[in-house]
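One structure is given here, and the rest of the page talks about it.
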Amino acid sequence: MNILTKKNKWAAINIIGIAIAFAGVFFASSYIKHELSFDKFHAKADQIYRLNIDKPGKVGFMQSPDNVSTASLNAHYIKDLYDKFPGIEQIVLMVKPFNYTVKVEDETFRVENSYYTDHSFFSLFDFKLIKGNKEGLFHNPNEIVISKESALKYFSSTDVVGKELILKGEFDRNGGTSYTVKGVFDKFPSNSHMQPDMLLSSNLETLRNPYGHAFTYLLLHPDVKPDQLEVSLNKHWKENVAEEEVSPTFKLMNLRDIHLKSHKKDELGSNGTIKTIWVIMSGALIILLITMINYFNLTTVQLNSDLNNLKIKVINGANLLDLSLSQIKKSFIQISLAIIIGSILSFIFNRFIEFKFIIKNEGVLFTLLVMCFIVVFGAISLLPLYTRKISSNLSNQKEEGSKKFIISLVCQFTLSIVALVLTIVLNQQISKIKNFHPGKDKESIITITEFPYAAISKFDLFKEKALEHPEILVISSTMMPPGTTPDFVYPFEMEGIDRSENNTISINSVDQEFFKLFDIQALAGDLNLKSGSSFIWESAAISPNKEAAIKNINNLDPSYRNFKEQYILNESASKKLGFTNPQDAIGKQFKYNFISQTYFKQGEIVAVIKDLHYADMFSEEKAEVIGLKRIFNSTFLVKIDKNNTSKALKNLQETWSQMYPDHPMKYEFLSDSYFKIYQNQYNEMKALTLFSILSILLSILGMYALSSYSIQHKTKEIGIRKANGASSLEIMLQLITEYVVWVAMAFVIASPIAFYAADDWLKSFAYRIDLSWWIFALAGVIAILIAIITVSWQTYNAARKDPVYALKYE
4 MNILTKKNKW AAINIIGIAI AFAGVFFASS YIKHELSFDK FHAKADQIYR
54 LNIDKPGKVG FMQSPDNVST ASLNAHYIKD LYDKFPGIEQ IVLMVKPFNY
104 TVKVEDETFR VENSYYTDHS FFSLFDFKLI KGNKEGLFHN PNEIVISKES
154 ALKYFSSTDV VGKELILKGE FDRNGGTSYT VKGVFDKFPS NSHMQPDMLL
204 SSNLETLRNP YGHAFTYLLL HPDVKPDQLE VSLNKHWKEN VAEEEVSPTF
254 KLMNLRDIHL KSHKKDELGS NGTIKTIWVI MSGALIILLI TMINYFNLTT
304 VQLNSDLNNL KIKVINGANL LDLSLSQIKK SFIQISLAII IGSILSFIFN
354 RFIEFKFIIK NEGVLFTLLV MCFIVVFGAI SLLPLYTRKI SSNLSNQKEE
404 GSKKFIISLV CQFTLSIVAL VLTIVLNQQI SKIKNFHPGK DKESIITITE
454 FPYAAISKFD LFKEKALEHP EILVISSTMM PPGTTPDFVY PFEMEGIDRS
504 ENNTISINSV DQEFFKLFDI QALAGDLNLK SGSSFIWESA AISPNKEAAI
554 KNINNLDPSY RNFKEQYILN ESASKKLGFT NPQDAIGKQF KYNFISQTYF
604 KQGEIVAVIK DLHYADMFSE EKAEVIGLKR IFNSTFLVKI DKNNTSKALK
654 NLQETWSQMY PDHPMKYEFL SDSYFKIYQN QYNEMKALTL FSILSILLSI
704 LGMYALSSYS IQHKTKEIGI RKANGASSLE IMLQLITEYV VWVAMAFVIA
754 SPIAFYAADD WLKSFAYRID LSWWIFALAG VIAILIAIIT VSWQTYNAAR
804 KDPVYALKYE
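The working numbering applies: residue 4 is where the sequence shown begins, and numbers increase by one.
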């Protein structure tokens, strides 16, 4: 343990550095390995592909073009897959039921993450049952397999094979359908892109319902290449669409690529990104390189300090091999202690960043990294010994102090400044995200989704009852949940604009309290809106048969018909319609030509607002018209008193349960809704912030050690300067300036590298921060301040010493 007593300062710095590097590399390697392993456990993974739309088509019963942002496929395309493409060996369809509940005895639960499928699912995918038998499964109707977690939730046991569940859709009039539990599966592996809670049997005809959508997986023949099948699919539809229809373009994505390369709005799980992998890997690499530089420098310092002892060993007969073995023994002790400490740190890192993977299961990776660290850092410890000739001459040799370490020190701070700039950029972009979307206080706004259609019809009653509680402030409704945009894009007519079928625009619907809830102000016009159409009127007007709709409307009491249609434009729509001044749009007549021609009456533009940015920052805001409608509003929004959250939630749930006892309320805070959208970016920010802090810490340790070594070798020089009249302040400034110049050099090198990396990371955002000069200046100032603070104490102690002591040194 000689190395830990006589040279404890250098040893401690080395141990801390290697521990941090090991923790960072182990954490990053575990995460990257996990992300790259998705769905590879399936034996046929290389032959399984998901079929999606690349460019939208419009065929058959479709009223609007395909939505390319969805991972599911319009079932109208599916029927031809079975008999017209021999290269497809097997097809698995998964259809998500809408607004289902499950009843067990007297308890009712929401159905989450459930899918209809058939017997082919279990032959294509390698998921295991812990109870039941896959043989013959789903060949009969009304069979169900559930997750272990669901079994414990519903029955408090996993021995549930043969038991009954009642599943009820919102339009079931017979009390629901009884399903027999045929199996229990353990939670799907964490590296599976799908994480269902239950699977329901269904026949092929039902799954292929042309009015529905299905997640479509194809098993290709080993000799069939996916690009060839894509060509065949696209050619088939191009040749088999009617004259007025539009043929789609299909895209096949291998099962193993879905997690990292697919980011549709209805993915079966939370997908990652390749960019996150690059960020994590870059952060870990920066830490590793800084640690390796530090270790080499400090090993060189240790060798220089112990040079006379090594020469004595050479005089006594020691050869290079003997010296190498001694050095390896010392380094092995340091590396071993560092790995033990680093192993503990890696779990702390994982807890801090909260990535959803289990680091403790990486035994093989851990062993491999331990061996690599021992070999790499062991080899580095020998480099000074082999690059410096050690003779038996005991006379003092001139040493260069810290000058020989200039390049390595500049490299260290270059890496640290790059990490620091990227950390500032990521934090600034995340800050922009938090303030970008509507809702100043997102922790006080609740979204309610996936409710029965009856809730829409009784929205006014629910609103009235809920607002009886003073801690519930405002209630509104809208067409889409946060993070999504409406799919309705149809032609329109507007005063002053020539009518054309090519003039199309997206429409959204809200109730009149929407703008008050989000505290949205008008750019022009007035948002003090009058009541729009009632649910009763909309139910009559929604028929696509114009004559029938008019007849239904005329049969209503006149009080339901006496309303004026009001439209609100977002800023993008105002510009698209040719208004340079939003005020010019106010009062213009507007008519939206929806498929139900009577549903949107002609009305006037009453207000123009800034773009809502209700969806996400990855795509530009669409030109959008907003109408006051109800029947499509599948999201309720509730603003509560944030100082009384618990009571507000309790009263809200009680009101909901009284009105809809068979449909438990599904809600989440608006802040959580947007957090899910940007979860990868939040993870990148947290990881890079951690790595940036660690890289700076390592650079500080390295600079501290080298400045201490340098000043020690300048003791006589300092003494001479003081004897010649130099003040302590002058000596301090000279010594500090030397290090500041080196850090400034690092800043000059790091700035273009950091700019390129930051600009590349920001490219995925349609709305992004500007890479202002102050970001780079701030990183440079921080680095220089760190350098000054690190060396100041040592230079102060050296500068204030008595010249007599200094001149006697050495």
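Ideal placement from N, C-alpha and C gives every residue a C-beta, glycine not left out.
- Restricting attention to alpha helix (DSSP H) runs no shorter than 4 residues, the region 93-132 encloses them at 123-127, ordered along the chain.
- In the displayed model, P484 falls within coil according to three-state DSSP, outside both helix and strand.
- Collapsing the DSSP output to three states places S713 in a helix.
- The continuous stretches of alpha helix (DSSP H) do not include T450, which lies in the beta strand (DSSP E) extending over residues I448 to T452.
- T648 is the residue among T648, I81 and Y52 whose C-alpha sits nearest the C-alpha of D444.
- Inside the region 198-259, DSSP marks whole beta strand (DSSP E) runs of 3 or more residues at positions 201-204, 216-223 and 252-257, from first to last along the chain.
- Here P89 carries a coil assignment [DSSP, helix/strand/coil].
- For Y570, the secondary structure class from DSSP, reduced to helix, strand or coil, is strand.
- Just measuring C-alpha positions, the residue of I634, N573, K591 and M706 sitting nearest S419 is M706.
- Here L615 is not near Q515, since their CB atoms are 8 Å or more apart.
- Annotation: E498 to Q592 spans about 5 Å, alpha carbon to alpha carbon.
- The C-alpha of M482 is placed about 7 Å away from the C-alpha of P489.
- In the displayed model, E623 falls within coil according to three-state DSSP, outside both helix and strand.
- Distance from the CA of S698 to the CA of I289, rounded to the nearest whole angstrom, comes to 7 Å.
- DSSP places D675 in the uninterrupted alpha helix (DSSP H) bounded by L673 to I680.
- With a threshold of 16 other beta carbon atoms within 10 Å, H142 falls short and is exposed.
- If you look at K642, you'll find it in the beta strand (DSSP E) that goes T638 to I643.
- Put simply, the backbone Cα of Q431 is about 12 Å away from that of Y685.
- Boundaries of the alpha helix (DSSP H) around D463: F462 to A469.
- Uninterrupted alpha helix (DSSP H) stretches at least 4 residues long and entirely within the region 571-635 occur at 574-579, given in chain order.
- In the structure shown, S754 falls within a helical segment according to DSSP collapsed to helix, strand and coil.
- Here R354 is exposed, its C-beta having fewer than 16 other C-beta atoms within 10 Å.
- Contact check between the region 98-108 and the region 172-187: three or more CB pairs, one atom from each, fall below 8 Å, which counts as touching.
- Restricting attention to I19, F639, D587 and A74, the CA atom closest to the CA of T294 is found in I19.
- DSSP places R53 outside any alpha helix (DSSP H); the residue lies instead in the beta strand (DSSP E), whose first and last residues are I51 to K58.
- C414 and M197 have their C-alpha atoms roughly 44 Å apart.
- Taking a C-beta distance under 8 Å as the contact criterion, F369 and P192 do not qualify as a contact pair.
- For L84, no alpha helix (DSSP H) segment is defined, and its DSSP state is neither H nor E.
- Listed in chain order, the non-local C-beta contacts of F758 below 7 Å within the same chain comprise L774, local neighbours out to five positions each way being set aside.
- Looking at the DSSP output, A527 bridges to V611.
- Under the Cβ criterion (8 Å, minimum of three pairs), the region 227-238 does not count as touching the region 68-76.
- A residue is called buried when at least 16 other Cβ atoms come within 10 angstroms of its Cβ; F416 meets this threshold and is buried.
- For K171, the enclosing beta strand (DSSP E) covers residues E167 to G172.
- Taking 8 Å as the cut-off, the Cβ atoms of I643 and L765 do not count as close.
- In the structure shown, I377 adopts helical secondary structure according to DSSP, grouped into three states.
- Using a Cβ distance threshold of 8 Å, T279 and I383 do not count as a contacting pair.
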